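Participant: Dumping the structure here so I can ask a few things about it.
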Amino acid sequence: MSFLFDIKLSKIGETENIYISRIIQDKIKNLQIPEYLYVTDLINPARSFFSRKYPDVQMPENLAARMKGGEETHFLARQWFEQLPGFSGSEVIITGSDLGLNVVGRADFMLYDSVVEFKTKTIDRISLENIYNIYSSDLEQLLFYAVMNRNFSSDNYLVFFSNENFYAYKVSIIDRGAIENEMVFRFSLIKRALENGDINDFSRCSYFGYGCPYREANICHCDSLRPDDSSWLNNAAKIEEDHDMESLLSEVYRSGDTFIDLRFYDLIYPRKYYHKIIGDERNSKNSGEIPESYYEKNNIKFLVIDSINKSILNVSGTEKAAMNKVSTLPLYGDDKYIIKNIYDENSIIPYLLKINNSRYPGSIPETYYSEMAITCARRNMNEGLIIVVYPKLQNTVKVHDVTFDLDNIIALCMKNIENIKEAVETRTPEILDMCPEFAIRSCDFKSCSCRNEIIKGRKN
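Numbering-wise (the working numbering), the sequence shown opens with residue 380 and increments by one.
Here it is in structure tokens:
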């Protein structure tokens, strides 16, 4: 039997949680779905404008490779930060609705209610002066996340990783209003430019002179724009070296006590993970293509998360940190938490949020149960909530309260993890379950073993 089928057999109960469905639905039913700008847009308005105006211009290969390397290190960094006291989340979605801005971002990490912005560099040493004169955009990004954070903390952290060394800084916000005003100014600047095409009030793009693809395409005219001025940061926050955090991160990193880089959905699509980890080539025709519905779904998801965080279902960073002390499986997780207050207002259980374009809410895909089961197993809890929003049914919300045979789920997950390790070591993807049918159809790996197995089976 397959992993997904075994997971399904391990489900021991499911009810519709009408109470939480109503809380969420009442929050979103009369709201317009915003077209969000991202915090990264505010950091670099010129690039934001050109990327929207000329979406077909390709990023230079050297810059794409550097960004890919940074993403891989970010992924590994999750396991380092998960071992710090107070860890309360990674890739945490934060919106600017409290500031009246349709802006959204993903904070790299949270320690209790403090935002941590993590950056990779390739220089010998990073000093305090570097932050103001070289890495001011990194500081801006942290400050913007911090003032958007609903559970606001004045103390936040900027952490650099360069040549296997950590440089950590505590950033204490002094003038929150100045940061908010800067965000409002840049938001209005970008929105106005997207409407009238005028960017004369912009500062130069931070990529100016560094292989900018728009300059190479004779589109960019940043040389006529004013140089960037980051002097406003001087009085917005105080920055101090944090040697204690540097020591903690270095200790975790040097110990080598790291997990195989698996996420919970890699157990559901094991062959896709296999091909990714061994470096199989992708079909350039399909690789990187993002359907338009992706952005629409994301905008709805951001709105729902913001609505949950503004309701009685919101969970504090301290509560999340207490939950994160438990990690039963050696997996990374982007799991969220919700207060389940229909029976016990003090209990916290994990939830998944899905945007489903079906017009038939009677049943949900089996992969939803699998994701929920793995998330529950990771936190050693037998119960979780699957929240599904149906845009084509006027944003109807259905909440499935699901319970599992926890011991069986943990055993199934551990077995699957070992199978994946063996497949990677022995280059034998056929010992893994094939991916679900819809994932095979959209797979962009040239040597997709699922497709090859299907073709081989037809020939036989």
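Glycine included, C-beta positions come from ideal geometry on N, C-alpha and C. Note that this is a predicted model, so its numbers are computed, not measured.
Contact between the segment 482-501 and the segment 522-529 is defined here as three or more beta-carbon pairs at a separation below 8 Å; is this criterion met?
Facilitator: yes
Participant: What would DSSP say about Tyr769, mapped onto helix, strand or coil?
Facilitator: Working through the sequence shown from its first residue, we reach residue 769 at position 390. Note: Tyr769 maps to strand in three-state DSSP.
Participant: In whole angstroms, what separates the C-alpha of Arg565 from that of Gly479?
Facilitator: For this step, residue 565 is matched to residue 186 along the sequence shown. For this step, residue 479 is matched to residue 100 along the sequence shown. Going by the C-alpha atoms only, they are around 13 Å apart.
Participant: Quick one: residues in its chain with C-beta nearer than 6 Å to the C-beta of Asn542, no 5 flanking neighbours on either side, listed in chain order?
Facilitator: Position 163 of the sequence shown, counted from the start, is the residue given in the question as residue 542. For Asn542, same chain residues with a beta-carbon under 6 Å away, outside a window of 5 residues either side, do not exist.
Participant: Do Ile553 and Asn614 count as a contact pair if the criterion is CB distance below 8 Å?
Facilitator: For the purposes of this step, residue 614 is identified with residue 235 of the sequence shown, where counting begins at 1. For the purposes of this step, residue 553 is identified with residue 174 of the sequence shown, where counting begins at 1. Contact: yes.
Participant: Could you work out which residue in Ile505, Asn560 and Asn481 is closest to Glu519 when comparing CA atoms only?
Facilitator: Counting from 1 along the sequence shown, the entry for residue 519 is found at position 140. Relative to Glu519, the option among Ile505, Asn560 and Asn481 whose CA is nearest is Asn560.
Participant: When the Cα of Ile691 is compared with those of Cys755, Val418 and Ser726, which residue comes out closest?
Facilitator: Taking the first residue of the sequence shown as position 1, residue 691 is located at position 312. The candidate whose alpha carbon is nearest that of Ile691 is Ser726.
Participant: I'd like to know whether the C-beta atoms of Ser467 and Phe545 end up nearer to each other than 8 Å.
Facilitator: Locating residue 467 in the sequence shown gives position 88, where the first residue counts as 1. Locating residue 545 in the sequence shown gives position 166, where the first residue counts as 1. Not in contact: Ser467 and Phe545 (Cβ atoms no closer than 8 Å).
Participant: Which one of Gln462, Ala486 and Leu463 has the shortest CA to CA distance from Ile473?
Facilitator: Position 94 of the sequence shown, counted from the first residue, corresponds to residue 473. For the residues Gln462, Ala486 and Leu463, the minimum Cα distance to Ile473 belongs to Ala486.
Participant: Classify Val705: buried if its beta carbon has 16 or more other beta carbons within 10 angstroms, exposed otherwise.
Facilitator: By one-based count along the sequence shown, residue 705 stands at place 326. Flag for Val705 reads exposed.
Participant: For Ile502, is the classification buried or exposed, using 16 other Cβ atoms within 10 angstroms of its Cβ as the cut-off for buried?
Facilitator: Counted from its first residue, the sequence shown places residue 502 at position 123. Exposed, since its Cβ has fewer than 16 Cβ neighbours within 10 Å.
Participant: Taking 8 Å as the threshold (C-beta atoms), are Ser585 and Leu604 in contact?
Facilitator: Your numbering for residue 604 matches position 225 in the sequence shown. Your numbering for residue 585 matches position 206 in the sequence shown. Their beta carbons are not under 8 Å apart, which means Leu604 does not touch Ser585 by this criterion.
Participant: Look at Gln462 and Val694 and say whether their C-beta atoms are less than 8 Å apart.
Facilitator: On the sequence shown, residue 462 is found 83 positions in, with the first residue counted as 1. On the sequence shown, residue 694 is found 315 positions in, with the first residue counted as 1. Not a contact, by the Cβ cut-off of 8 Å.
Participant: Tell me whether the segment 774-790 and the segment 610-625 touch, counting them as touching only if at least three CB pairs, one residue from each stretch, are closer than 8 Å.
Facilitator: no
Participant: Hey, would you say Asp812 sits closer than 8 Å to Pro649, going by beta carbons?
Facilitator: Here the question's residue 812 lines up with position 433 in the sequence shown. Here the question's residue 649 lines up with position 270 in the sequence shown. Yes. Within cutoff.
Participant: What is the DSSP secondary structure of Tyr652, reduced to helix, strand or coil?
Facilitator: What you label residue 652 is simply residue 273 of the sequence shown in a count that begins at 1. Three-state result, Tyr652: helix.
Participant: Hey, how far is the Cα of Tyr433 from the Cα of Ile569?
Facilitator: Along the sequence shown, read from residue 1 onward, the residue named residue 433 stands at position 54. Along the sequence shown, read from residue 1 onward, the residue named residue 569 stands at position 190. Each residue's alpha carbon lies about 15 Å from the other.
Participant: What are the uninterrupted segments assigned as beta strand (DSSP E) that are 3 or more residues long and contained completely in the segment 763-825, given in chain order?
Facilitator: 775-783
Participant: Assuming Ser389 contacts Phe783 under a Cβ cut-off of 8 Å, what Cβ separation, rounded to an integer in Å, is found between them?
Facilitator: Numbered from 1 along the sequence shown, position 10 holds the residue referred to as residue 389. Numbered from 1 along the sequence shown, position 404 holds the residue referred to as residue 783. That pair is a contact at about 5 Å.
Participant: Please work out which residues of its chain come closer than 6 Å, Cβ to Cβ, to Asn759, disregarding the five sequence neighbours upstream and downstream, and give them in chain order.
Facilitator: Sequence index remark: in the sequence shown, residue 759 carries index 380 (1-based). If we look at Asn759 and ignore the five residues flanking it on each side, its Cβ neighbours are Val705 and Thr707.
Participant: So, for Ile391: in the same chain, excluding its five sequence neighbours on each side, which residues have a beta-carbon less than 7 Å away from its beta-carbon?
Facilitator: Reading the sequence shown from its first residue, position 12 is the one you call residue 391. Once the five neighbours on either side are set aside, the close Cβ partners of Ile391 are Thr782, Phe783 and Asp784.
Participant: Since Glu395 contacts Val778 with CB under 8 Å, what's their CB separation in whole angstroms?
Facilitator: The residue labelled residue 395 in the question sits at position 16 within the sequence shown. The residue labelled residue 778 in the question sits at position 399 within the sequence shown. Contact flag correct, Cβ pair sits at about 7 Å.
Participant: Pull up the distance between the alpha-carbon of His654 and that of Ala818, whole angstroms please.
Facilitator: Residue mapping note: residue 654 aligns to position 275 of the sequence shown, counting from 1. Residue mapping note: residue 818 aligns to position 439 of the sequence shown, counting from 1. His654 and Ala818: Cα-Cα distance of roughly 13 Å.
Participant: Could you give the C-beta distance for Val803 and Ile647, rounded to a whole number, given that I count them as a contact under 8 Å?
Facilitator: Start at 1 with the first residue of the sequence shown, and residue 803 comes out as number 424. Start at 1 with the first residue of the sequence shown, and residue 647 comes out as number 268. 17 Å between Cβ atoms; not a contact.
Participant: Please name the residue in Phe429, Lys651 and Leu731 whose C-alpha comes closest to that of Ala596.
Facilitator: Along the sequence shown, read from residue 1 onward, the residue named residue 596 stands at position 217. Among Phe429, Lys651 and Leu731, the Cα nearest to that of Ala596 is on Phe429.
Participant: Use the C-beta contact count for Ile598: other C-beta atoms within 10 angstroms, 16 or more gives buried, fewer gives exposed.
Facilitator: Position 219 of the sequence shown, counted from the first residue, corresponds to residue 598. With fewer than 16 other Cβ atoms within 10 Å, it is exposed.
Participant: Put Arg485 into one of helix, strand or coil per three-state DSSP.
Facilitator: Here residue 485 corresponds to residue number 106 of the sequence shown, with the count starting at 1. Strand.
Participant: Which first and last residues belong to the alpha helix (DSSP H) in which Ala547 is found?
Facilitator: Counting from one through the sequence shown, the residue named residue 547 turns up at place 168. Run containing Ala547: none in the alpha helix (DSSP H); it sits in the beta strand (DSSP E), Asn544 to Ile552.
Participant: Please go through the same chain and pick out, in chain order, the residues whose beta-carbon is closer than 6 Å to the beta-carbon of Phe488, but skip the five residues on each side of it.
Facilitator: Translated into positions along the sequence shown, residue 488 becomes position 109. Closer than 6 Å at Cβ, skipping near neighbours: Phe460, Ser469 and Val495.
Participant: Would Leu521 and Asn509 be called neighbours here (beta carbons separated by less than 8 Å)?
Facilitator: The residue labelled residue 521 in the question sits at position 142 within the sequence shown. The residue labelled residue 509 in the question sits at position 130 within the sequence shown. Going by C-beta atoms, Leu521 is not nearer than 8 Å to Asn509.
Participant: Quick one: grab the DSSP three-state call for Ser666.
Facilitator: Position 287 of the sequence shown, counting from 1, holds the residue named residue 666. In this prediction, Ser666 has a pLDDT of 47, which is less than 50 and means its spatial position is unreliable; nothing more can be read from the coordinates.
Participant: Give the C-beta separation of Ile728 and Lys680 to the nearest angstrom, bearing in mind that I take them to be a contact with Cβ-Cβ under 8 Å.
Facilitator: Sequence index remark: in the sequence shown, residue 728 carries index 349 (1-based). Sequence index remark: in the sequence shown, residue 680 carries index 301 (1-based). Not quite, the Cβ-Cβ distance comes to about 19 Å (not below 8 Å), so this is no contact.
Participant: Roughly how many whole angstroms lie between the Cα atoms of Tyr511 and Asp420?
Facilitator: One-based indexing of the sequence shown puts residue 511 at position 132. One-based indexing of the sequence shown puts residue 420 at position 41. When rounded, the distance between both Cα atoms is 20 Å.
Participant: Bridge partners of Gly468, per DSSP?
Facilitator: As a working mapping, residue 468 is identified with position 89 in the sequence shown. Met489, per the DSSP bridge assignment.
Participant: By the 10 Å Cβ neighbour count, where 16 or more other Cβ atoms means buried, how is Asn665 classified, buried or exposed?
Facilitator: Here residue 665 refers to the residue found at position 286 when the sequence shown is read from its first residue. With a pLDDT of 48 at Asn665, under the threshold of 50, the modelled position of that residue is not reliable, and the figure given next carries that caveat. It counts as exposed.
Participant: Provide the residue(s) that pair with Thr474 in DSSP beta bridges, ordered along the chain.
Facilitator: For the purposes of this step, residue 474 is identified with residue 95 of the sequence shown, where counting begins at 1. In DSSP, Thr474 forms a bridge with Val483.
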